[in-house]
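As you go down the protein sequences, you meet chains D and V in turn.
Under this note's numbering, think of the first position of the first sequence as 947, with each following residue one higher.
Under this note's numbering, think of the first position of the second sequence as 947, with each following residue one higher.
Protein chains: 2
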Amino acid sequence: MKKNLLFSAFFAIGAVSPLFAQESFDAAAVQKIRDEGMNRSKVMETAFTLTDVTGPRLSGSPGLRKAQEQVAAQMKAMGLQNVKIEPWGEFGKGWQIDKSYTAMTAPYYDALIAYPKAWSGSTKGAVKGEVVIVKADSLPDLEKYKGKLKGKFVIYDSQTTQAAGDIFQADGSRNTDARLAEMAATQPVTPGAGPGGRPGAGRPGGRGGAFAAMAFRPKLAEFLASEGVGLIINMGRGTDGTLFTSNGNSRAKDAPKAGPEVEMSGEDYLRLLRLVKSGAKVEMEADIKTSFYTKDLQEYNVVGEIPGSDPTLGSELVMLGAHFDSWHSGTGATDNAAGSAVMMEAMRIIQATGLKPKRTIRIALWSGEEQGLLGSRGYVTNHFASTADMVLKPEHSKLSAYYNLDNGTGKIRGVYLQGNAAAGPIFRSWLAPFNDLGATTVTISNTGGTDHQSYDAVGLPGFQFIQDGMDYNTRTHHSNQDTYDRLSADDLKQAATIIAAFAYNTSQRTEKIPRKALPAARPPQTPGGAGAAGTAPARN
Amino acid sequence: MKKNLLFSAFFAIGAVSPLFAQESFDAAAVQKIRDEGMNRSKVMETAFTLTDVTGPRLSGSPGLRKAQEQVAAQMKAMGLQNVKIEPWGEFGKGWQIDKSYTAMTAPYYDALIAYPKAWSGSTKGAVKGEVVIVKADSLPDLEKYKGKLKGKFVIYDSQTTQAAGDIFQADGSRNTDARLAEMAATQPVTPGAGPGGRPGAGRPGGRGGAFAAMAFRPKLAEFLASEGVGLIINMGRGTDGTLFTSNGNSRAKDAPKAGPEVEMSGEDYLRLLRLVKSGAKVEMEADIKTSFYTKDLQEYNVVGEIPGSDPTLGSELVMLGAHFDSWHSGTGATDNAAGSAVMMEAMRIIQATGLKPKRTIRIALWSGEEQGLLGSRGYVTNHFASTADMVLKPEHSKLSAYYNLDNGTGKIRGVYLQGNAAAGPIFRSWLAPFNDLGATTVTISNTGGTDHQSYDAVGLPGFQFIQDGMDYNTRTHHSNQDTYDRLSADDLKQAATIIAAFAYNTSQRTEKIPRKALPAARPPQTPGGAGAAGTAPARN
């Protein structure tokens, strides 16, 4: 272990030449953590509770409320202190599915795989009707449909004729040695390229026709609802019965009543489309019931702590976090019950070892991540600083680092520095005892799309680990198949062990984790831009 | 082309040394066939009609009846003669799904992926109930459940805890050169090993405990139905939303009324199981309606002909065939709309070229294949000979060869000789003009599980082509995902072209295709054995 550690500490990242000293840590404590995490893991028990037992956890839904209460109770049972279900701000309407049934009834009967789109409405009970294609790219295109769509089941045209993917390509993969070496060799970002990514940076915003068509979809859906269609049907991504469901109608408190709308598996959707295009009379039946909840428009994060044992450092913080919310089909297993279960397990491991961290270690399980990192952004604004004015709150100086996990069920292969070169030698040392478990790589690179960015945006050290991709992008991420079945026990066990060690090491370190320069304030965007309730794009 | 042909003709099969002469054929005619088949293919149009338009084609169902009428009309429209929907014998009750809805309602709502098991009954309208595990391997085990299961949703225990497959393995593959070389080098079967496989040979029949448990399932289902359970739920094979549905309850005319019974996707099933085992209260709702049809217990094959143009040879026959029936989920695209569409296309190609085959070329689209090659066996018994007595009917001497396609959407890589070594040099020559399309391999091997076996069993030359496997065994074969999307246009086009050439060459050949020795008569098995209506195992 010692040898590994020395080797690792002398291995510089690519062209970066930080002034590094030997980073020391309590190897015996880390060994204790490793023993507990690898030999007495309870991560799959927690994962079972977070998936099968609690079900989907869409932000604002009763399902998430119940899950938050369950996990808060679990935190208390684990002996965590200051457990809170803490509001972070207004999210919008809650919503859930009470019934979902769709079937083709002519030219023959077949039950179809479809899920109500988030924040969509109900059918008028059990309804039947003809399937029709609506072609419209702008409001004038809709004129010809006025008064003609009552009770119809509406689909849109598509150039796609067959739904099958590449059958010669495996769904899943792990990082190769070559890929990891490439990441390790990545150069630091050039100055001026930003402080390591900010929420909303780099999103596609105006790619002409396709984007205009996408932007028109909500208006189109509103028109169709007002015409009293039976059901609006969108083609979902995915094949083989896997259906990716994400995004949704507006959840804003003043949003108009949405029509009934589903996302349907590619195979089922394209069959409808091919049949209607061929001139066949196609009929469907559906019975969809959804409920909206407006009593409490707030959303919450769940937090809990192992209080710091050091009289001085105890007031300082190490944070672990993962988003706890999911989309509404499947049970959000890899996105992100996996990360949540790993963070709960990391806390359990530390507790079980009997180690007494000097700094306080706080876990936060976020909500609203899928709608734009909302829970973590709200928390960071409430506790540390707002990106709008960059006025630092007292806690800003107290946080050492925030560690995040949100890239599925794959084990940890290393860590992204988010451009924070000074943290490199530290993390490289800390990974050394886990090199044999495949965790070797420190990259200067950023990664985006999850909650460490909320910290990074206000100049706080926030890190996401490098994980093996597995079948996250091809099969599980936001899909109806993101269930307990997709969780890899060995991978999650490894991840929880490494994160427990990182958290403990961070809590014991003489200094806090080095920081990058503070970013400049970014006044809020104009109203109606990305980030307004109900219009924020989906994030993972 | 000539060079290929000579090369091919001198390339002997493994250790077999047949006395072969140069097999001549009309290369110009074959070129015409290739041009029509490869450049003006209509195979996907036919496949669309056989899948999307006609839907599932379970033997005995109204869906198959309608599809048979449609395809007979298509045969007539193509100019085929003597088109008939020809009864082959008693099949049993017809059955179809009128409605299928299942959902979990507690601990939270989620619609589930499930299909009624073939020939299963209806729920008592829309029903709700608690999910319970029944553990029983024999009748005495059932005592403790008497009077306790009314309205319950019954699942069985399983050792499996997670449903995911191997995510690092691609669903699909093609035959490698090495595999084809291995097939080409296969030795002839030793004398006494049978005449090339017989229907029913080699099936597992008594593997102790596992088989006993399987055999007990129908009795168990009967008990559960009699106790008035709400729904019986079986775990289906398959992952990712793919659900393999096959086999079924008894279709016999005197079979007792079956209870409502579904096969459910692994992920959904195992979630129910994990939850119930954990002590959670799990509830479901379901609304399943199925219909039985007893007015006509016969089943039918659809046949049509291009009459032979030669005054003498015109009374002789070449047959092409594929089974037209499917299981009841998906639309039986690769099993076997693919083979049916290819055979229809082969007939169309011959018609379109204007060639006048000397022998009659007859297409047969079978039913009852999935229940044990019943349609082709019935046809062979009615037209050629019964395996029971091997008394040859006059047509037996008239058939040159039967060609079959039933291994999915993959292109043709060669042909199985079924132990008929004398046919090897002929087929090797005929494949030569298609070597560049990947069809190169002649193997002495048998292949089983489909309708050429019905011919082989009475000493008639029946052949199945070697096809690329694609994702047939992993994804499509008997699954809810066996839809039009899985059909590969290029592969089917190639297959139809090659089969059209084989059919034409067979019709023109001076002699009929050589035959193996006639097999001995095999008196019928004792009543209740494999093959009795309702108890025959599923075949592909």
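Just so you know, even glycine gets a beta-carbon here, dropped at the ideal spot from N, CA and C.
Nothing here was measured: the structure is a model prediction, and the numbers come from that model.
* Asked: So with Cβ pairs under 9 Å, would you call D:Pro1053 a contact of chain V?
  -> Cβ-Cβ to chain V under 9 Å: yes for D:Pro1053.
| message | Could you check whether D:Gly1212 and D:Ala1167 sit closer than 9 Å to each other, using their CB atoms as the reference points? | response | Result no, Cβ atoms of D:Ala1167 and D:Gly1212 do not sit closer than 9 Å.
Point to revise | Alpha carbon of V:His1423 to alpha carbon of V:Asp1281, nearest angstrom | key: So the alpha carbons of these two residues sit roughly 6 Å apart.
Quiz item: Does DSSP classify D:Val1326 as helix, strand or coil?
Solution: In the structure shown, D:Val1326 sits in a helix (DSSP, three-state: H, G or I).
Quick check on D:Thr1389: does DSSP put it in helix, strand or coil?
In this structure, D:Thr1389 counts as strand in the three-state DSSP scheme.
Checklist line | Three-state secondary structure (DSSP) of D:Thr1236 | finding: Strand, per DSSP.
**Report entry** Residue-level contact to chain D via CB, V:Pro1134, 9 Å cutoff
**Finding:** No - not a single Cβ of chain D is within 9 Å of the one on V:Pro1134.
Exercise. Please decide whether V:Asn1426 counts as near chain D, where near means a Cβ-Cβ distance under 9 Å.
Key: Cβ-Cβ to chain D under 9 Å: yes for V:Asn1426.
Using 9 Å as the threshold, is the C-beta distance between D:Met1290 and D:Ile1307 below it? Not in contact: D:Met1290 and D:Ile1307 (Cβ atoms no closer than 9 Å).
Quiz item: How would you list, in chain order, the residues of chain D whose beta-carbon sits under 7 Å from the beta-carbon of V:Asp1117?
Solution: Taking the beta carbon of V:Asp1117 as reference, the chain D residues within 7 Å of it are Ile1113, listed in sequence order.
Within-9 Å CB hit, D:Ala1466 to chain V: Judged by the 9 Å Cβ criterion, D:Ala1466 is not in contact with chain V.
* To do: With a threshold of 16 other CB atoms inside 10 Å of the CB of D:Asp1382, please say whether the residue is buried or exposed.
  => Exposed: under 16 other Cβ atoms inside 10 Å.
- Query: Quick one: is D:Val1337 buried, meaning 16 or more other Cβ sit within 10 Å of its Cβ, or exposed?
  - Reply: D:Val1337 comes out exposed.
Exercise for review: Could you work out which residue in V:Tyr1325, V:Ala1331, V:Pro1407 and V:Ala1367 is closest to V:Ala1347 when comparing CA atoms only?
Suggested key: Out of V:Tyr1325, V:Ala1331, V:Pro1407 and V:Ala1367, V:Pro1407 has the C-alpha closest to the C-alpha of V:Ala1347.
Checklist entry - If we cut at 9 Å on Cβ distances, does D:Leu1266 have a partner in chain V? => result In terms of beta-carbon proximity, D:Leu1266 stays away from the interface with chain V, with every pair separated by 9 Å or more.
- Item | Residues near V:Ala1458 by beta carbon distance below 6 Å, same chain, minus five either side | Residue 1458 of chain V is actually Lys in this sequence, not Ala. The residues are Ser1346.
* Asked: Nearest-angstrom Cα distance between V:Ala1435 and V:Gly1384?
  -> Whole-angstrom Cα-Cα distance: 15 Å.
Checklist entry - Looking at the C-beta of V:Ile1059, does it have a partner C-beta in chain D at a distance below 9 Å? => result So yes, V:Ile1059 belongs to the interface.
| the region 1036–1045 of chain V contacting the region 996–1008 of chain V, beta-carbon criterion three pairs below 8 Å | The answer is yes - the region 996–1008 of chain V touches the region 1036–1045 of chain V, with three or more Cβ pairs under 8 Å.
Would V:Val989 and V:Ala1287 qualify as a contact pair, given that the criterion is a beta-carbon distance under 9 Å? Their beta carbons are under 9 Å apart, which means V:Val989 touches V:Ala1287 by this criterion.
Subject >> Range covered by the alpha helix (DSSP H) that runs through V:Val1404 >> reply: Going by DSSP, V:Val1404 is part of no alpha helix (DSSP H) at all; its letter is neither H nor E.
Practice task
Check the Cβ-Cβ distances between D:Pro1469 and every residue of chain V, and say whether any is below 9 Å.
Solution key: Taking 9 Å as the CB threshold, D:Pro1469 stays off the interface with chain V.
Please state whether the Cβ-Cβ distance between V:Leu1219 and V:Asp1103 is less than 9 Å.
Less than 9 Å separates the beta-carbon of V:Leu1219 from that of V:Asp1103.
field: Residues in the region 1242–1272 of chain D having any Cβ partner in chain V nearer than 7 Å
entry: Hits within the stretch: zero.
Quiz item: V:Asn1451 by DSSP, collapsed to three states: which one?
Solution: If DSSP states are grouped into helix, strand and coil, V:Asn1451 belongs with the helices.
Q. Run through DSSP, which three-state label would V:Met984 get?
A. Taken through DSSP and simplified to helix, strand or coil, V:Met984 comes out as helix.
Query raised in the report: What three-state label does DSSP hand D:Tyr1246 in the structure shown?
Result: Three-state result, D:Tyr1246: strand.
Kindly indicate which three-state DSSP category D:Leu1085 falls into: helix, strand or coil? Residue state, collapsed to three classes: helix.
So, using beta-carbon positions, are V:Trp1034 and V:Tyr1239 closer together than 9 Å?
Taking 9 Å as the Cβ cut-off, V:Trp1034 and V:Tyr1239 do not qualify as a contacting pair.
For the alpha helix (DSSP H) holding D:Thr1299, just list the boundary residues, first then last.
Start and end: Ala1284 to Thr1299.
Exercise for review: Please compile the residues from chain V whose C-beta is within a distance smaller than 9 Å of the C-beta of D:Ser1046.
Suggested key: Neighbours of D:Ser1046 across chain V, judged by C-beta separation under 9 Å: Ala1049, Tyr1055, Asp1056 and Ala1057.
Which same chain residues, not among the five before or five after V:Gly983, have their C-beta less than 7 Å away from its C-beta?
Ile1295, Lys1439, Ala1442, Thr1443 and Ala1446, listed in sequence order.
- Query: What three-state label does DSSP hand V:Thr1420 in the structure shown?
  - Reply: Reduced to three states, the DSSP call for V:Thr1420 is helix.
Practice problem: May I ask you to report which of helix, strand or coil DSSP gives V:Tyr1047? | Solution: Note: V:Tyr1047 maps to strand in three-state DSSP.
Between D:Ser1211 and chain V, is any beta-carbon pair separated by less than 9 Å? Chain V contact via Cβ: present.
For the candidate residues D:Ser1343, D:Glu1231, D:Ser1313 and D:Ala1130, whose alpha-carbon lies nearest to that of D:Gly1405?
Closest option to D:Gly1405, Cα to Cα, is D:Ser1343.
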